[in-house]
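The opening position of the sequence shown corresponds to residue 8 in this note's numbering, with each subsequent residue numbered one higher.
We treat Cβ as the ideally placed atom computed from N, Cα and C, and that holds for glycine.
Report on one structure; see the data block that follows.
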Amino acid sequence: LTGCGVEPNQKVVLDLTSSTTSGQQESSNIDSTGSNVETGLQSSVIRMGYVNELRKGGVSAISNINYSAVDYIIQGFLRPTMAGELTNLGSFESYRDELVKHSHQNNTKIIMSIGGAYPEDMKTAFAHIASQPELRQTFSENIISYITDHGYDGVDIDYEFPENEKQRQDFTLLMKSVYEHVKSHNSDLVVLFGCSPGYKIDMYQWEALSDYVDYAFLFGYDWKNPANGTISNPGNKQWTIGNNTIEASVRGAIHYIDRHGFPLDKLIVGLPFYSSNNQSWFSVQEAWTSNQNLFKTDSLSLESSFNGAWWTTPTDIYRKMDALLATSTSVLNNNKTVKGIGFWEFGHEDQTNPLLSDAIKQWIPGKGNLVQSVTDDSIGTVTNEEPTTDSESDSGSETTPSRELNDITVVNHKELPNQLDLVIKVWNGNIIYQIGDYVSYNGAIYQATKKTIKNPQRDWAPDYRWEYWKQVDAKQVQTASTDISSESSQPSVPEETAPNSDIATDTDTPNTVSYKSNEQIKAWDETISYSKGAIVLYNGIFYQAKQDTPINKWWTPDQTWQYWLVVELNDIETSDKNSLHSDVTGSDDGPESGTNNDVTDSNSGSTNIDKSSKDLSGEDSNSEDLANEITKSIQNWDQTKSYIKGSIVLYKERYYKAINDTPINKWWTPNETYHLWEQVPLDSLSLGSNASDSTDQDSLGQDSTDDTSKDISSNGPNEILIQDIIINGVQPGTLYSDVVNITVEPQQNVTFTATLNDDDYVLGSDYRRNGVSFLNVTATHISGETVTKSLYFTIGSAHTEGQKRVVGYFIAWGVYARNFHVADIPEGVTHLNYAFANIKNGEIVLGDSYADMDKMYSGMKWDDPIKGSFGELIKYKQKNPHVKTLISVGGWTWSQHFSDVALTNESRVKFAKSCIEFIKTWQFDGVDIDWEYPVKGGLGTNKYRLEDKQNYTLLMQEIRDQLNELSAITGQTYYLTMATAAGRDKAVNLDLGKLANIVDWINVMTYDFHGAWDSHTNHNAPLYPNPNSPSSFGLEYGYTVSEAIELYLQSVPANKIHLGLGFYGRSTKGFNNGVSKHYSGEGLFKPFTASGQNNNRLGPGSWVDWSGGLGSLDYKDIKDNYVNKNGYQYFWDDFGKVPYLVNPEKNVFVSYDNPRSIGLKVQFAKEKDLGGVMIWELSQDSMDHEMMTTILKNL
């Protein structure tokens, strides 16, 4: 048994299923932070699971789905019509909203599936749609609309199945249309299709399809020959497919797909959660957990027969995954593997005890092998049967200790007849274990290295708490002379003395490691099979091979403990002072040098090897080579991996060292989790130590006269870390009273220059200038490489009359598809409006409870009272005390109840009181009211009344009064602001003069003037009117930024007006290419060829979650993918002072703002002495904050 350490004198009995007999289920695979803990799965493996009918619980069971078991939920099914439309089928729409919500809350993507097997007329609809270009386009556009409206992360086309050559070709054209439409909308969306079992495997143009899908989902079920999803055919049955004969099995289908040009790294193989007679797994789960021997496993099909049907049990899942995903156990030609595993479907298992999906989650390479039957007693037996001792077999008088599911029994064999079997009990979080106690967990054996804590949570399990447990091999477990299998805590069991070996072990008395002098240590290479004892570098850590290793690029040393052991370079000198080498030999006499410094840290179980300053000083060429190998060994941080203490990773061009063992959490990036990672410069990386707090670690620092210093930076400016430019005297975004004096700490081989507000600045001199200042410090290395660090700060009072405000809206839903979090808020914001809170029963309520206060971030605990973005905002304000936060209520979507809230004195008091409680509870500094709109306008579902105008004023006064009362109690200033429409037609429904006396300021939404709802193409937010614009006539007069601001200035003081800036654009399609009566410019002011905004807008825009607006494009998306790219031509309207894009071939028009137009608008605000600017919204800026930087430079 490779990697298990089973000796000839032992037999190992493993059972790898969840414990049910003890009354306790295995705890959820969610750690205390709410993060998914992936138990041992390769980072490259994709897992997908269908949801169609939750047979036990229906909609109520959605919250119990085992989301952490998969990367993607696939929801079935939408039904295609002959016209290319999408309609509900079965329970799809009744599940839809809850399923999307829970998927995203659990950080799982969700894909909508179209089609399925029944009703069979869908096959006719698919064939019809695929055969006509117009219908293919309509179908593709409807997919994008549905994804946008409901928040899906992709689409699955389940056309069952093409029947002839024409349908085969048409299907490729259909997938091409879907793929191109979806990817042009958002490249992050996933496109896949479900493909037939082997008997129709030739009905696809496999090579052509590889260009138009992310994945193909092969139905590894419904084969009925006789097993439901046979991996290898037990009867060697063959199918004739066209001119080909293939094995009638999943393996045969995969071979066919591979031969016909479809890459296997795009292939997902589906497993059945139901039997060959269509019975759900939950119907036999109790029988299986009670007596697995009733299920007879076939070694080729890798399924088990029971009661006349074939089933895929949890054990079979491990085996199938080994056969398809692990190179060393692959059943495919040339040991190839597929990309991932899926299944049909969650509804066939019990959501309260999901053994099958748990098995998919818990699989690691080789796990299936551990449960296969091996009959040769000379190497031990692994079986699902109860073990028997030799004495029992001789006399029948002895019985083995009772064994629960998931226990591991180490059975003594002929050489140790006087010792009893050791039943290693499954880990129980409610037991306190002592040093030396053994437990089993997920099929592995662990030994306690210290007294444990009583805690049943998942993140206290042995595979997660390395400070308490170490994993051991079966050969390291010496069974005791008494039965130790009681239900209580197990007594310590002495470890077996390690036999003579040429590798280090994790026992308390490891063999000495010494080096030969013929080969240097190298970074781990995925293309090499290493011999037992070899030492490699990986992520800055030294690893030693415990046995010969296979070639597998996914089996990295940090993830394959059965092959690799961490060793340290600390206390043993080498015989050759000038080199450190990879081939390792051991002897009972110690290292080759003859020294006795064979010291091992008993807690870490790591062998320590000395690296003296002489060895690594840089004077020896081998030391420089080792430094290069360390750098080469460092990998990019992987969100799907946990790292051991001391690991070094690369993240955003900077090196980070793990100061503790890290959990798996994609949000806990190294640059944000200071309790887990510390940034380290390249020239001071600790060599191979996982004890990062050690004070005697030498660095790879170079003497200034040594040429190697230039080598370190020769790869480019990223080698001079920005973090190494240590600026003293100012901090980013900080307010200073009158003067600053800025210096930079000297760095070896580096010189510095600086500018302040684009003027040269002499470091160390006093600087006085009220307002915001921009500092740029440039470091120049002797190699000639340079890098610049920029920051801004403010001199003067935080509330000086002349200081301008920068209000930025932060959207709650940005934490989903946009991956924009509080930590991503750029410098320069003075007031942050959190969008949005909702209104329910006349009171303000959370808009998205998960994003707002449940989502876990670095440093948070499950019992913290405020988590989520609200908790992050509290930390953000501690670091940025000058920034004030306001909760914004309503918005376009949630304005339907404002008219009722404002209607009576009672309703106004109730709502205002709820605002006070809200900001007290969640620690906001004020309230922003975004009512879109009073009297008329907004969503069609909004309520509005003629008296809304005066009632709005009364509502704002009531909120103001209650805020003032709160200020009298706390002594704190609280803000009341409002967001208002810019057009004259909506401004007339506001009593601006009275409102100006109540609020602190008004955020004027000087954007959304024009879009697909118009009759002509036009600008989203022009600064000035263009005389040729159709909007210069009639009711639309005033639909420019300048005209709107002039209108507000008639009633509102300038310092209470904020000019709104949109960090996005709007796109429209289908304009007439002829010369317009208004203007003959390229694409501008052209009439649409169709009427109605649904016909004129260009797809969903930049985002596909439920928040996306059709045709809305983020500035960063426009900058990266549209400006003078992909057929889009750039133009500038010198009347309106705004840019626009035109794609003549597609008849697409895009209006947006760029830094040039934003700068002009900010200058206009400054010329009018406005109070500041408002931004909608922060996540839409470019990655380098180009728009924000422009605002700050011009304000």
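Of the listed residues G835, Q1057, F269, nearest to H221 (C-alpha basis): What sits at residue 221 in the sequence shown is Asp, not His. The shortest C-alpha separation from D221 is found at F269.
Have a look at W1183 and Y841 and give me their C-alpha separation to the nearest angstrom. 11 Å
How is I548 classed by DSSP in three states: helix, strand or coil? strand
Supposed contact pair I749 and L782 - C-beta distance, whole angstroms, cut 8 Å: 7 Å
Boundaries of the alpha helix (DSSP H) in which K173 is found, first to last residue: 172-192 is the extent of the alpha helix (DSSP H) around K173.
Using only the alpha-carbon positions, how far apart do K458 and N340 sit? 49 Å
Pick helix, strand or coil for D705, following the three-state DSSP scheme. Only weak support is given to the placement of D705: the predicted model assigns it a pLDDT of 30, under 50, and the question is left unresolved by the model.
Just verifying my parser: in three-state terms, what is the DSSP assignment at F84? strand
Residues bridged to H1065 (per DSSP): N1010, G1179
Would you kindly work out how many angstroms separate the C-alpha atoms of N559 and Y662, rounded to a whole number? 26 Å
Taking the beta carbon of E105 as the centre, do at least 16 other beta carbons fall within 10 Å, making it buried, or is it exposed? exposed
When D992, K1200, N1150, G1072 are compared against L1167, the one with the closest alpha-carbon: The shortest Cα separation from L1167 among D992, K1200, N1150, G1072 belongs to K1200.
In whole angstroms, what separates the C-alpha of I926 from that of Y475? Using only the alpha carbons, I get a separation of about 43 Å.
Give me the residue from G878, Y206, V185 with the minimum Cα distance to S197. The sequence given here places Val at residue 197; Ser does not occur at that position. Just measuring C-alpha positions, the residue of G878, Y206, V185 sitting nearest V197 is V185.
Measure the CB-CB distance between Q358 and Y857 and report whether it falls below 8 Å. Contact: no.
D1141 - DSSP class collapsed to helix/strand/coil: Coil, per DSSP.
Mind checking D163: buried by the 16 CB within 10 Å criterion, or exposed? Buried, since its Cβ has 16 or more Cβ neighbours within 10 Å.
Quick one, which of L309, E293, G236, E310 has its alpha-carbon nearest G277's? G236
M860: first and last residue of the uninterrupted alpha helix (DSSP H) it sits in: Run containing M860: none; DSSP gives neither H nor E here.
Test item: CB-CB of L93 and R143 under 8 Å: no
Could you name each continuous alpha helix (DSSP H) segment of 4 residues or more that falls completely within the stretch 250-323, going from the start of the chain to the end? Within the stretch 250-323, the complete alpha helix (DSSP H) runs of at least 4 residues are 257-266, 292-297.
Exposed or buried, which one is Y816 when buried takes at least 16 other CB atoms within 10 Å? By the neighbour-count rule (16 or more Cβ atoms within 10 Å), Y816 is buried.
What's the call for N888, buried or exposed, on a 16-neighbour Cβ count within 10 Å? Note on identity: in this sequence residue 888 is Pro, with Asn being the wrong assignment. By the neighbour-count rule (16 or more Cβ atoms within 10 Å), P888 is not buried but exposed.
Alpha-carbon spacing of G1134 relative to T987, whole angstroms: 36 Å
Counting along the chain, where does the beta strand (DSSP E) carrying M55 start and finish? In this chain, the beta strand (DSSP E) harbouring M55 covers 53-58.
Quick one: is E965 buried, meaning 16 or more other Cβ sit within 10 Å of its Cβ, or exposed? buried
Alpha-carbon spacing of A333 relative to I371, whole angstroms: 9 Å
Helix, strand or coil for L839? Go by DSSP, reduced to three states. In this structure, L839 counts as strand in the three-state DSSP scheme.
Extent of the continuous beta strand (DSSP E) run through N95: 93-95
Does DSSP classify Q441 as helix, strand or coil? DSSP places Q441 in coil when its eight states are reduced to three.
If I measure Cβ to Cβ from F877 and keep anything under 6 Å in the same chain, skipping five residues before and after, which residues do I get? D859, M860, W929
Among the residues of its own chain, which have a CB less than 8 Å from the CB of S906, if the five just before and after it don't count? P941, N949, K950, Y951, R952, D955, N958
Distance CB(P833)-CB(H1192) smaller than 8 Å: Their beta carbons are under 8 Å apart, which means P833 touches H1192 by this criterion.
Start and end of the beta strand (DSSP E) containing L798? 793-802
Assigned secondary structure, N1033 (DSSP; H/G/I helix, E/B strand, else coil): coil
Nearest to V1157 (by Cα), restricted to the options V1180, K1093, V737, D935: K1093
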